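>
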Amino acid sequence: MNGHRPATSLDRPVDVDDSEDEVSAHFARPSAGPSLRVESVPAHAQDHWLDEAETTDAPGMSFIRRFFRSSFSGSTQIITRVFGFFGTTPGKMVVGMIVLTAALLAAGLSMANSVSNRQTELNHLLTSTEPMSNSAHKLYMSLSLADTIATTGFVQAGVEPENTREQYLGAIDSAAAEATSAVLDSDDDEEYLRQLAVQIQRQLPVYTGLVEAARTNNRAGNAVGAAYMSNASAMMRDEILPAAASLFRLSSNNVSEQQDQLTRPQWVPLSGLVAALMFLGLAQYWLWRISRRRLNRGFAAATVMMVVALLWVSGTNVYTWHLGSRGFTEASTPWDSLTQARIDAQRTRTEEILALVQRRTNYNPSLEFSSTNKHISAALDDYSNSSALRTAAETSADEGSADKASADATDLSTIDEARTALQEWDEAKAHLLRALDSGNYEQALALATDSTMGAQGSGADSTGTAGSGTNQTMSSAAAFEKLDAALATLIANARDSMRSYLSESLAALNLVAAAVSLLSLLSVLAIWLGIRPRMVEYL
Numbered sequence: 001m002n003g004h005r006p007a008t009s010l011d012r013p014v015d016v017d018d019s020e021d022e023v024s025a026h027f028a029r030p031s032a033g034p035s036l037r038v039e040s041v042p043a044h045a046q047d048h049w050l051d052e053a054e055t056t057d058a059p060g061m062s063f064i065r066r067f068f069r070s071s072f073s074g075s076t077q078i079i080t081r082v083f084g085f086f087g088t089t090p091g092k093m094v095v096g097m098i099v100l101t102a103a104l105l106a107a108g109l110s111m112a113n114s115v116s117n118r119q120t121e122l123n124h125l126l127t128s129t130e131p132m133s134n135s136a137h138k139l140y141m142s143l144s145l146a147d148t149i150a151t152t153g154f155v156q157a158g159v160e161p162e163n164t165r166e167q168y169l170g171a172i173d174s175a176a177a178e179a180t181s182a183v184l185d186s187d188d189d190e191e192y193l194r195q196l197a198v199q200i201q202r203q204l205p206v207y208t209g210l211v212e213a214a215r216t217n218n219r220a221g222n223a224v225g226a227a228y229m230s231n232a233s234a235m236m237r238d239e240i241l242p243a244a245a246s247l248f249r250l251s252s253n254n255v256s257e258q259q260d261q262l263t264r265p266q267w268v269p270l271s272g273l274v275a276a277l278m279f280l281g282l283a284q285y286w287l288w289r290i291s292r293r294r295l296n297r298g299f300a301a302a303t304v305m306m307v308v309a310l311l312w313v314s315g316t317n318v319y320t321w322h323l324g325s326r327g328f329t330e331a332s333t334p335w336d337s338l339t340q341a342r343i344d345a346q347r348t349r350t351e352e353i354l355a356l357v358q359r360r361t362n363y364n365p366s367l368e369f370s371s372t373n374k375h376i377s378a379a380l381d382d383y384s385n386s387s388a389l390r391t392a393a394e395t396s397a398d399e400g401s402a403d404k405a406s407a408d409a410t411d412l413s414t415i416d417e418a419r420t421a422l423q424e425w426d427e428a429k430a431h432l433l434r435a436l437d438s439g440n441y442e443q444a445l446a447l448a449t450d451s452t453m454g455a456q457g458s459g460a461d462s463t464g465t466a467g468s469g470t471n472q473t474m475s476s477a478a479a480f481e482k483l484d485a486a487l488a489t490l491i492a493n494a495r496d497s498m499r500s501y502l503s504e505s506l507a508a509l510n511l512v513a514a515a516v517s518l519l520s521l522l523s524v525l526a527i528w529l530g531i532r533p534r535m536v537e538y539l
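In this text, residue positions in the sequence shown follow full-length UniProt numbering: the first is 1, and each later residue adds one.
This is the structure we're talking about:
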């Protein structure tokens, strides 16, 4: 062998002109298998074997696996890329910003919602619950006054005066109206209050019927009129007034409980703001560790705004708590004492008139009146020594110091009038007892029912005899009316004082909800603006 391979037919040059004939002749040669001609294969399927090779799945792959692989392979890649991004420093920044944004918004909006709810509930207390309690108080006083006037009119000689009749009808009308107002805005769970009001409204017509029967028989000269009057008064004192007292006590308790709840610090929302500030501090520390920049303006601005929100809300809570735990309590103490003292005075006055109706010669109210005297004196002392006097003066006066001093002097004058009237009532009662003991019923009747005696110069002297001398004493009726008017004025001032504390608590919450929401949103905007330069450094 000389290193050259033998020449074959493939080495010869191929003529371009006869290449097509040779290819045809090559495919036309006989073979061992079945003959296959190019003309028998469709032109569009001649390369089909290449497509089959590209789309062939792995051996053993089921249809379901092929379906999920073709459907979710793109989503899986996206999720993988996202989690991979979160593992980078920019991704960690984004995650931290999302968490911090959620914390700031949750803290701010939670506090704003809590403040808004408290504002709504305080407004409900001021416009519904407290007025219902005041209506319950007016209901009791109207019922007691109606019984006193009815008894007084019964014992007066002849036809009762027109003004006495008008006072009685006015007291009954007021009681009927206040019985409705006392439960007008009651909640669904206060069914017992509504039952008490219904009981009073149901029994009030029965009482007025007994009073009218007593008046009719008294004018006809029938002795049974005194029995009717005694039964009417007993019904009032044993059934109607206790129900009114229960209604007043429960409604007053509702005011105290709601006021106590609505002036407590908002610990949960406040803790949310503190937690948001802690998140801000941790985020700034982490950002300093990775960027080596101590201060981020956006984060610093957000911190300042959240601190302002926290201090604002904390100051409001402290102020509201102070108004509730100190101011409202100090103002409500004389109000409670004065209302109870006025109730005791009304009860003592009714017993005094009933002694004349029943012509009790052994009537000795010294023990009962002594207790009433102590209650009234203690109530006046509570009013003088509490903040109610100062607040009522400031509330009722204008901004000028002279007006405030004038209002202060007016309250002091009212207290002095009440003390003087109490002393005069004590003296008049002593004259009344002497007249009853001596059998002078006409003189006792005048001392008990004539509201002009002593005030206009016609009265009894110090011995208890009628006359027009200079040493006159005021009648029990006149002294009681003077005392009751003074107590009513002081009660109204004490109530104004309590409402002023509630109004101040409500005013302290103004704009707090909107301000906290705005500061929270601005804080979120500030942290995103602050993080933007740091994220740009990695992009």
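Think of the CB as a built atom: it goes at the ideal place given N, C-alpha and C, for glycine as much as any other residue.
All values reported here derive from a predicted model rather than from experimental measurement.
Counting C-beta neighbours from all protein chains within 10 Å, is the total for Q119 16 or more, i.e. buried, or is it exposed?
With 16 or more Cβ atoms within 10 Å of its Cβ, Q119 is classed as buried.
> Express the C-alpha separation of S523 and L122 in angstroms, rounding to a whole number.
29 Å
> Once the 5 residues before and after L310 are set aside, which same chain residues still bring their CB inside 8 Å of it?
For L310, same chain residues with a beta-carbon under 8 Å away, outside a window of 5 residues either side, are L270, L273, V274, L277 in chain order.
> By the DSSP assignment, the alpha helix (DSSP H) with A223 in it spans what residues?
Segment: none, A223 is in no alpha helix (DSSP H) and carries neither H nor E.
> Just to check my reading of the structure: S451 and E481 have Cβ atoms closer than 8 Å, yes? What is that Cβ distance to the nearest angstrom?
6 Å
> Closest to residue 542 by CA distance: which of M474, M306, S233, Y192 is it?
Residue 542 lies beyond the range of the chain shown here (1 to 539); nothing can be said about it.
> Q199 to I240, Cα distance in whole Å?
8 Å
> What would DSSP say about L445, mapped onto helix, strand or coil?
helix
> Thinking C-beta only, is D260 closer than 8 Å to G170?
no
> If you count every other CB in all the chains shown that lies within 10 Å of the CB of Q284, and 16 or more means buried, which is it?
buried
> Can you tell me whether R294 is helix, strand or coil according to DSSP?
coil
> Please name the residue, chosen from L193, R342, A102, A479, that lies closest to M141 on a Cα-to-Cα basis.
R342
> If the criterion is Cβ atoms closer than 8 Å, does the pair S476 and A448 meet it?
yes
> Among the candidates T88, L280, M229, T333, whose CA atom is the shortest distance from the CA of A355?
M229
> Under three-state DSSP, which class holds R326?
Helix.
> Are the stretch 171 to 187 and the stretch 224 to 238 touching, with three or more C-beta to C-beta distances below 8 Å?
no
> Go through its chain and collect everything with a Cβ distance to W528's Cβ below 8 Å, but skip five positions before and after it.
M97, T101, G298
> For residue 556, count neighbouring Cβ atoms within 10 angstroms of its own Cβ and tell me buried if that reaches 16, exposed if not.
Outside the shown range of the chain, which is 1 to 539, sits residue 556, and nothing can be said about it.
> For A220, is the classification buried or exposed, using 16 other Cβ atoms within 10 angstroms of its Cβ as the cut-off for buried?
exposed
> What distance in whole Å lies between the Cβ atoms of L380 and A418, which are believed to be in contact at a cut-off of 8 Å?
Yes, they are in contact, since the Cβ atoms of A418 and L380 sit about 6 Å apart, within 8 Å.
> Return the Cβ separation of N152 and T164 in integer angstroms, given the expectation that the two are a contact with Cβ distance under 8 Å.
First, the residue type needs correcting, since residue 152 is Thr and not Asn in the sequence shown. With a Cβ gap of about 7 Å, T152 and T164 count as contacting.
> Is there contact between the stretch 289 to 304 and the stretch 123 to 142, where contact requires at least three CB pairs shorter than 8 Å?
no
> Can you determine whether any heavy atom of the ligand PLP sits closer than 7 Å to the C-beta of D189, and answer yes or no?
Judged by which ligands are present, the structure shown has none, so any question about the ligand PLP falls away.
> Would you call P334 buried or exposed, if buried means 16 or more other Cβ atoms sit within 10 Å of its Cβ?
buried
> Would DSSP call residue 568 helix, strand or coil?
Lying before the first or after the last residue shown, residue 568 is absent from the chain, which here runs from 1 to 539.
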